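In the working numbering, the protein residues as written are 223 to 340. Please read the structure below before turning to the comments.
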Amino acid sequence: MLNEVLYILHVLGMATIIITALYIVAGNIASNDTRKTLSMVMMSAAHFQLLTGFALFFLLLSEVNHMKVGIKMLLAIEVAVIATLYRRSAAGKDAPKQIYATVTLISALTATAIAFLL
223 MLNEVLYILH
233 VLGMATIIIT
243 ALYIVAGNIA
253 SNDTRKTLSM
263 VMMSAAHFQL
273 LTGFALFFLL
283 LSEVNHMKVG
293 IKMLLAIEVA
303 VIATLYRRSA
313 AGKDAPKQIY
323 ATVTLISALT
333 ATAIAFLL
């Protein structure tokens, strides 16, 4: 039961990261307050997804492909770091660097592809 709940939360975290990054990259953001809110949502989802991924790994330690999980963990750490950098740049007075959101989106899509296709 705990595994299923964690898995659902993990997938919801990834969906939140991808949807938020897509929205930011598409450039539909009108105000600076919206940009700050979306950057906080993306950063929080990235950290939450990393935490649930670690929890799932340790609960299912003997049943997982360790190489696949290792690559996904590296990508998840990268997504969390880049999302945090985007959050820090969005919190400043200048416009945040768009490359952070783009790299977050590409890395999140790569991790999702590894999770579901391999």
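All C-beta atoms in this analysis are idealised placements derived from N, C-alpha and C, irrespective of residue type, glycine included. These numbers were taken from a predicted model, which means no experiment stands behind them.
Got a sec? Which residues, its chain only, sit under 7 Å from Gly235 by beta carbon, not counting five neighbours each side?
Here the question's residue 235 lines up with position 13 in the sequence shown. Closer than 7 Å at Cβ, skipping near neighbours: Ala267, Phe270, Gln271 and Thr274.
Cα separation between Asp255 and Val303?
Along the sequence shown, one-based indexing puts residue 255 at 33. Along the sequence shown, one-based indexing puts residue 303 at 81. Each residue's alpha carbon lies about 22 Å from the other.
Status (buried if at least 16 other CB within 10 Å, exposed otherwise) for Leu340:
Working through the sequence shown from its first residue, we reach residue 340 at position 118. So Leu340 ends up on the exposed side.
Report the start-end ranges of each beta strand (DSSP E) in the stretch 240 to 275 that is 3 residues or longer and not cut off at the edges.
none
If we count Cβ pairs, one from each stretch, closer than 8 Å, do we get three or more for the stretch 282 to 290 versus the stretch 313 to 321?
no
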